[in-house]
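For the record, in the sequence shown the residue sitting at position 85 is 92 according to our numbering, with numbers rising by one throughout.
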Amino acid sequence: MLDTRELGRRPGSQRRMSFEAPAPADLGIEVLRVPEGSSIRFELRLEAVMEGVLVTGTAEADLEGECARCLDDIHDHVVADFQELFVYEEREPAGDPDQEDDEASRLEGDLLDLEPLLRDSVVLTLPFQPLCRDDCPGLCTECGARLADDPGHQHDAAVDPRWAKLEGLTQQVGRQQDD
Ligand SMILES: [Zn+2]
Ligand SMILES: [Zn+2]
């Protein structure tokens, strides 16, 4: 919640703010999200207009997720831009008063709830399928090896599922010996 009292309600008055706030839970998408409680950096410009307060700004946050192709961890960050008009509470919506405009964001007294705006803009900014890198080759469809670790990786012939199990075992033994 952001207090707009200092801005006043005279159209044209402006105020810039920058601050940090902890991330709410479940910000982002399932495969890529802002860790709960991590710091979000806001840069905002509040502008009083006739109908309410126009909020323009950016939110910058760290991201954690998994690559959609190779399932590797992704550590990234997001800069989400947004602009939204928060209408003064006591103003009647234009037109039919019975028809509530559910789309409009509203001030609650002098307070402005940034969270829905933050959620929408972050989700819109995130890639649909996050990748560890643009050309991530993903996993081998036959054995599940990470192709990025092994660019020349190939199989001579289709692996018999019974042998694939054995192969997995020898790989594990090999790894243990490496330790
Ligand atoms: Zn990847
Ligand atoms: Zn393979």
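For glycine and all other residues, C-beta sits at the position ideal for the given N, C-alpha and C.
| Check | Outcome |
| --- | --- |
| Own chain partners of residue 30 with C-beta closer than 7 Å, once the 5 adjacent residues on each side are dropped | 41, 42, 43, 44, 45, 47, 68 |
| Bounding residues of the alpha helix (DSSP H) (the contiguous stretch that carries residue 130) | 122-132 |
| Residue 235 beta carbon near ligand 2 (any heavy atom closer than 7 Å) | Look at the range of the chain in this structure, 8 to 186, and you will see that residue 235 is not part of it. |
| 8 Å contact criterion, which residue 55 and residue 19 should meet: CB distance rounded | 7 Å |
| Among 118, 131, 132, 83, the one whose alpha carbon lies nearest that of residue 11 | 118 |
| Residue 160 beta carbon near ligand 2 (any heavy atom closer than 7 Å) | yes |
| Closest Cα partner of residue 137 within the set 81, 16, 114 | 81 |
| For review: beta carbons within less than 6 Å of any heavy atom in ligand 1 | 74, 76, 77, 79, 138, 139, 143 |
| Beta-carbon proximity check, residue 135 vs residue 112, cutoff 8 Å | no |
| Exposure label - residue 86; buried when at least 16 CB within 10 Å | exposed |
| For residue 14, the three-state DSSP class (helix, strand or coil) | helix |
| Backbone secondary structure at residue 144 - three-state DSSP | coil |
| Nearest residue (CA-CA) to residue 61, options 78, 76, 132, 121 | 121 |
| Distance, residue 75 Cα to residue 161 Cα | 21 Å |
| Endpoints, beta strand (DSSP E) assigned at residue 69 | 59-73 |
| Cβ-Cβ distance between residue 64 and residue 51 below 8 Å | yes |
| Close-in-space but distant-in-sequence residues of the same chain around residue 27 (CB under 6 Å, 5 per side omitted) | 46, 48 |
| Assigned secondary structure, residue 42 (DSSP; H/G/I helix, E/B strand, else coil) | coil |
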